[in-house]
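So the sequence shown is residues 8 to 148, counted in the numbering used here. C-beta: ideal position from N, C-alpha, C; glycine also.
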Amino acid sequence: MNDGAATLSVILNQGIRSVPTRRPEADAFVAFGRKPRLLDLFCCAGGAGTGYSMAGFDVVGVDIKSQPNYPFPFVQTDALTLDPKFISTFDAIHASPPCQSYSDLAKRNGNADAWPRLIDPIRDVLVRSGIPCIIENVDGG
Ligand SMILES: C[S@@+](CC[C@H](N)C(=O)[O-])C[C@H]1O[C@@H](n2cnc3c(N)ncnc32)[C@H](O)[C@@H]1O
């Protein structure tokens, strides 16, 4: 399943409720009696996602590779091709795009081109969504 619409139906078929969000007021979560939904992009095995879960979020992960140990609902797909309608069902988004190409080590070794540079493209997706978001990565990190 590689297109966003299919991804959305996978989520729905698993019985995960899709809730229109975009409420800026944190109090709305209390009023609605549910946890905020967090989209965990580039989730790998769920290190960051576990922290968000412990902090009170309902987490759904996305990674291009199979992640059999990911502890929350998971969608295997390219994070850059997600359907905006699917993205809009979340209250917050975390993204951990691959860091290798930006690292000082790769720059020193002259092989930074061996890895994708996804910070700019995923930032475009996140900004377009209008949903509060975090990108966990820094140039030179
Ligand atoms: C830095 S790791 C993420 C670490 C993770 N946040 C954690 O806490 O364990 C980057 C991940 O991005 C995934 N990835 C690379 N390109 C991707 C893409 N286009 N769409 C989705 N995931 C991708 C890789 O498979 C890898 O698992």
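Residue nearest to residue i in terms of C-alpha spacing, selected from the options
i	options	result
alanine 52	Arg130, Ala62, Ala99, Val66	Val66
glycine 137	Asn116, Asp127, Val145, Ile94	Ile94
glycine 117	Pro43, Lys42, Ser108	Ser108
arginine 41	Asp127, Arg115, Phe64	Phe64
arginine 135	Ile100, Gly58, Ala113, Arg115	Ile100
Buried or exposed (CB count within 10 angstroms, at least 16 for buried), residue i
i	result
valine 132	buried
glycine 56	buried
proline 91	exposed
threonine 88	exposed
aspartate 120	exposed
proline 78	exposed
aspartate 70	buried
aspartate 127	exposed
Integer Cβ distance of residue i from residue j, believed to fall under 8 Å
i	j	result
alanine 102	cysteine 140	7 Å
leucine 48	isoleucine 129	7 Å
Residues near residue i in its chain [Cβ-Cβ closer than 8 Å; skip 5 each side]
i	result
asparagine 76	Ala52, Gly53
glutamine 74	Cys50, Cys51, Ala52, Gly53, Gly68, Phe81, Gln83
tryptophan 122	Pro105, Gln107, Ser108, Ala113
Spatial neighbours of residue i in its chain, beta-carbon cut-off 6 Å, leaving aside the 5 residues before and after
i	result
glycine 147	Asp111
arginine 124	Ser108
arginine 29	With a pLDDT of only 44 at arginine 29, under the threshold of 50, the placement of this residue in the model should not be trusted, and no figure is reported.
glutamate 143	Ser103
serine 6	Not covered by the structure: residue 6. The range shown for the chain is 8 to 148.
Chain D within 9 Å of residue i, Cβ atoms only
i	result
alanine 62	Considering every chain present, this structure includes no chain D. It has just one protein chain.
Item to complete: Collect the residues with a C-beta less than 5 Å away from any heavy atom of ligand 1 and give them in sequence order along the chain.
Response: Phe49, Cys51, Gly54, Ala55, Asp70, Ile71, Lys72, Asp85, Ala86, Ser103, Pro105
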